[in-house]
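Participant: First the structure, then my questions, so here it is.
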Amino acid sequence: MQRRIRSLRIHIDTVINGARFGGDVEANVLLIDFLRDQMGLTGTKQSCEVQVCGSCTVLVDGRPVSSCVYLAYELDGSAVETIEGAKDSDFYQKAESALVRHAAVQCGFCTPGLVMTLKSIAENGDATDEAGLRRSLSGNLCRCTGYRSILDAAAEIVGGS
Amino acid sequence: MSSIVIEREVVRQDKAIGSSVPRVDATAKISGAAEYVGDMSVAGILHGKVLRSNVGRAKIHSIDTSAAEAMPGVVAVLTGEDLTDIDPYYGHALRDRPIVAIDEVRFAGEPIAAVAARTEAQAEAALLSIFVEYTDLPVVASLDAALAPDAALVHEGPTREGFAHGLGQLPEREGNVCYRYGFERGDIDEASGLADIVIDRDYEFPAVYQYSMETHSVIAHHAGDEISLWANCQHPFLVRAEIAALFGLSVNRVRIVVPYLGGGFGSKSYTKMEPIAVALARKAGRPVKIVNRVDESMVTTRRHNMKCRMRTFATRDGELLGRQVEFWLDTGAYADNGPRVTATTADAAPGPYRWPSVHIRGHCVYTNTSPAGSYRGFGAIHLQWIGESQIDEIARAAGIDPLEFRRQNLLRPGEEVRPGGRPLDADLVGDVEKAAAAIGWGRERIVNRGLGVSVGLLAAGAHPVSSASVRMDADGEVAVLVGSTEMGQGTRTVMAQIAAEVLSMDPAAITVPGADTRFTPYDRSTGASRSTTVAGKAVELAAREVLDALFETALFFFDAAEREELHADDGRVWFRDESVAYPDLIAKRFGFVGGELRGYGEVKPEKGSGSYAEGPVFWEVCVAGAEVELDRETGVVRILQTSSVADVGKAINPQLIERQDEGGAMQGLGSALFEEMLYTDDGVLLNDTLLDYRIPATEDLPEKMTCIIVENGDGPGPFGAKGCGEGAMAALPAAIVNALTDAGVSMTELPLTPERVWRRIQEIEGQQQEGKP
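Protein chains in written order, with my numbering: chain A, 64 to 224; chain B, 22 to 794.
Structure follows, in structure tokens:
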């Protein structure tokens, strides 16, 4: 006989990119799968699945989290912002301009996650000198650029001036 | 502040080329709008997961899928038994690999079965209910084990040639050696007899993983007698041929669409997850999407680990007499691109010097480990650090500065690199002098610091077969149809620039869609630094045909004009001080509001068959410099600065070239310092996640990286261009090894982990103690 296990669903109230969302999510669904598969927000990318590479970075209440190891139900009472939500901001205009100018985008797979980390740095007042940026961005891996262009763009995006 | 230093030697006169126009795909990628295979879906899609072997080698007695088939959401379960109506083996070099294991598994990670279900979670759950009965077989999980006289054979039965190996007559398999390649000239025994200085050492190079951020991903649909694939493959036309042959269809019944790739670096070259996805979709009767996890992609492809013995012979004055190299590349359980990697490694083995005698032997060896294929700079990266460290040793033994030694002995433009092949087409002495100057060569010695340079050549371009078409629509905008896949290198931007240059228009008015084999003209592949040079030439020729059509039409506008008196500028055709815009010319040509101008360009071998023996298309220069700092207490090696030379003939987009060199250098740094795949004695990969397989991060970035772009107009591509992007990766490990030797610690194994370096320091200090009276 086959056992049938009904999955556990949990009601959450959250805000996704500024829009209220209330509904049930399966208890074991990861935030990245919830965002990509159920909300259609595919700008967030999955790579390492073990909270190392930063491709899946989104902001929960303004702080960066790796959505690959964050359960969707934990969003209850919080607000999540993805690259799709970050697009309509002054920060984004500045970020896009600098990343394009420095050609800090190559394959682009790590880029949305990087932008979200940068947004957090800009909004939370983290250290923005070279050493500070190297530390803050050490959780956003990029295999294409070699990082110099990313750090140069980052200094412009989150720097003082 | 940026510390990137760019040296440019040519005064720029062009508009569309030679300038760093912004990437055409940048804004879409930043916003997350750019689509990768994993972001795509089609109607009726199912999700596929693969059951993989957890043992290195075993006989399969039975596979029971009945429980899995009854699981919720499951539509189909694929095993080898579903493939009896086709010849289920593939491999472009050797046709040695079944779509899923048949009777036997040959490596831990090999696909045994696959499930298609309505959701990924359902498919994953069903894998746990597939029961496989094995008997373990003897495992040969290393080169030493596979090469032992009584070693178990990874493959028995006859060798079958793949459809696109391009290596001429393949030798018979001998034991576990599936391919051999070598060459010789002069008398190596005589060189050995005459030599005062003999450097003779054994070396080891590790298996490493390409780690493109995006894993192998594919959507396959097999409906009626047509197969459709959305795949992140670098070589869609070669995959198309292979899929067509596997499933018994003509190539025009197989369609492959390639969106953006989230990195490639060779990991997505040739055929990877496509056959199993098609076979699963065929059984399910519905489209199936497979997206690998990282641990799955890590056993899908990797770089060949290698053992090598190299001997270099010289007189006491430093006159080079000969070089003898024998190496063994571990290609894993299936050949993948191993034969080509072996041939390219052999080509790189002598290094770019004038040798009275060379004797090169390369072996490609099957083991029960995950298959190894292409990775950026293959061949050169394997042997350049070895050859160049021996050059430094000889220079020191002869009392000559290593840079001066290279000045005296490096090949000059026009000299023979390989018998019968293309002569040297680059200024290596000029290149290495620039790399050395950038890191402060000749400065005063600093304790525990070292400087190193390295020079090498990489046979680039692969088989020179590419075609492209350029279409100008009635509104004057242009689409370039070319098979080069955009995997981050910027090929769509460069192709737009090339077409824009020919047509004297703004690159922003040119679109370059991704490859779709149904519409895109044939292109052999995207790799071997060939796109700008080979496919770019096809785009240039296609654009010229469109320009010809514009001029032809313009003659009806300007009654008095001769063809030679016309020229194009800023989207218009000019005759003296009169001009007409392209859309007006198209309207005139057709007398209608629509219509289009089409140009077609093709590149094929200039002479002979374009075979490997007559190549390469060009020699890619691999030149780098490095300064390292050694902590003798801990063995930690820190890279203070690097330099690399992109000798590109003509820089179509200097900024993209810098990114190629910086990115390549960082991958080279990872390979040199810490990247290494570790297998158990049973062939199971131990470090198959980013938790324990480390790739470079921001904090590994050297304080200073200098990218030097050299433009001598000596490339065979459009406007004298030639490819780049692999040289820095191939050359940097060698420069780092030489710099560490300069700091007092010579190494014969990579990567240069603190433990390995520390042990070597103890060994050297022990020898120095013993040497004292």
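Here a beta-carbon is modelled for each residue, glycine too, at the ideal position from N, C-alpha and C.
Can you say whether I673 (chain B) is buried or exposed, counting buried as having 16 or more other CB atoms within 10 angstroms of its CB?
Facilitator: buried
Participant: Is the region 291–309 of chain B close to the region 124–140 of chain B, with three or more CB pairs under 8 Å?
Facilitator: yes
Participant: Over the uninterrupted alpha helix (DSSP H) stretch that includes D87 (chain A), give me the two end residues.
Facilitator: Unbroken run through D87 (chain A) is the beta strand (DSSP E), 82–89; no alpha helix (DSSP H).
Participant: In whole angstroms, give me the CA-to-CA distance for Q109 (chain A) and C131 (chain A).
Facilitator: Straight-line measurement puts the Cα of C131 (chain A) at about 7 Å from the Cα of Q109 (chain A).
Participant: Counting pairs of beta carbons, one from the region 160–169 of chain B and one from the region 344–363 of chain B, are three or more of them closer than 8 Å?
Facilitator: yes
Participant: Relative to the alpha-carbon of E786 (chain B), which residue among B:S665, B:L722, B:Q681, B:E654 has its alpha-carbon at the smallest distance?
Facilitator: Ranking the options by Cα distance to E786 (chain B), first place goes to B:E654.
Participant: Helix, strand or coil for Y111 (chain B) per DSSP?
Facilitator: strand
Participant: Are the CB atoms of A169 (chain B) and V175 (chain B) nearer to each other than 9 Å?
Facilitator: no
Participant: For V178 (chain A), which residues in chain B fall below 9 Å Cβ to Cβ?
Facilitator: I51, S52, G53
Participant: I think I220 (chain A) touches A161 (chain A), with their Cβ atoms under 8 Å apart; what is that distance to the nearest whole Å?
Facilitator: 5 Å
Participant: Any idea if A89 (chain B) is buried or exposed, counting beta-carbon neighbours within 10 angstroms, 16 or more meaning buried?
Facilitator: buried
Participant: Could you name the residues of the same chain whose beta carbon sits closer than 6 Å to that of L478 (chain B), not counting the 5 residues immediately before and after it, in chain order?
Facilitator: P373, W640
Participant: Could you tell me whether the Cβ atoms of A459 (chain B) and Q662 (chain B) are closer together than 9 Å?
Facilitator: yes
Participant: Closer than 9 Å, CB to CB, is R126 (chain A) near chain B or not?
Facilitator: Output row for R126 (chain A): interface = no.
Participant: Which first and last residues belong to the beta strand (DSSP E) in which I785 (chain B) is found?
Facilitator: From DSSP, I785 (chain B) is part of no beta strand (DSSP E) but of the alpha helix (DSSP H) over 775–792.
Participant: Which residues share a DSSP beta bridge with Y374 (chain B)?
Facilitator: Looking at the DSSP assignment, Y374 (chain B) forms a beta bridge with B:L431.
Participant: Is it buried or exposed, F152 (chain B), if we count other Cβ atoms within 10 angstroms and call 16 or more buried?
Facilitator: When all chains shown are included, F152 (chain B) counts as exposed.
Participant: Tell me the rounded alpha-carbon separation between G383 (chain B) and R116 (chain B).
Facilitator: 21 Å
Participant: Mind checking R323 (chain B): buried by the 16 CB within 10 Å criterion, or exposed?
Facilitator: buried
Participant: In three-state DSSP terms, what is E112 (chain A)?
Facilitator: The answer is coil: DSSP assigns E112 (chain A) none of H, G, I, E or B.
Participant: Classify G748 (chain B): buried if its beta carbon has 16 or more other beta carbons within 10 angstroms, exposed otherwise.
Facilitator: That one is buried.
Participant: Using a C-beta to C-beta distance shorter than 7 Å, which residues of chain B count as neighbours of I79 (chain A)?
Facilitator: Those within 7 Å of I79 (chain A) in chain B number zero; the least Cβ separation is about 14 Å.
Participant: Do R314 (chain B) and M493 (chain B) have their beta-carbon atoms positioned less than 9 Å apart in this structure?
Facilitator: The criterion of a C-beta distance shorter than 9 Å is not satisfied by M493 (chain B) and R314 (chain B).
Participant: What residue from B:V601, B:T321, B:A756, B:D763 has the CA that sits closest to E131 (chain B)'s CA?
Facilitator: Residue B:T321 is the option with its Cα nearest to E131 (chain B).
Participant: For P132 (chain B), which of helix, strand or coil comes out of DSSP?
Facilitator: strand
Participant: What's the C-alpha gap between T566 (chain B) and A517 (chain B)?
Facilitator: Looking at the sequence shown, residue 566 (chain B) is not Thr but Glu. Each residue's Cα considered, the two are about 16 Å apart.
Participant: Figure out for me which residue from B:R361, B:V624, B:N759 has the closest Cα to the Cα of V555 (chain B).
Facilitator: B:V624
Participant: Using the Cα positions of H68 (chain B) and D368 (chain B), report the straight-line distance between them to the nearest angstrom.
Facilitator: 43 Å
Participant: From S213 (chain B) to R337 (chain B), what distance separates their C-alpha atoms?
Facilitator: 13 Å
Participant: State the DSSP-derived secondary structure class of P533 (chain B), mapped to helix, strand or coil.
Facilitator: According to the sequence shown, residue 533 (chain B) is Val rather than Pro. Reduced to three states, the DSSP call for V533 (chain B) is coil.
Participant: Consult DSSP for H176 (chain B) and reduce its assignment to one of helix, strand or coil.
Facilitator: coil
Participant: Under three-state DSSP, which class holds L71 (chain A)?
Facilitator: The DSSP-derived three-state label of L71 (chain A) is coil.
Participant: Quick one: what does DSSP say Q14 (chain B) is sitting in, helix, strand or coil?
Facilitator: Within the shown structure, residues of chain B are numbered from 22 to 794, placing residue 14 (chain B) beyond reach of any answer.
Participant: For N75 (chain B), which of helix, strand or coil comes out of DSSP?
Facilitator: coil
Participant: Nearest by alpha-carbon distance to G689 (chain B): which of B:P534, B:A718, B:V705, B:D735 is it?
Facilitator: Checking every option, the nearest Cα to that of G689 (chain B) belongs to B:A718.
Participant: A480 (chain B) by DSSP, collapsed to three states: which one?
Facilitator: In the three-state scheme derived from DSSP, where H, G and I count as helix and E and B as strand, A480 (chain B) is classed as strand.
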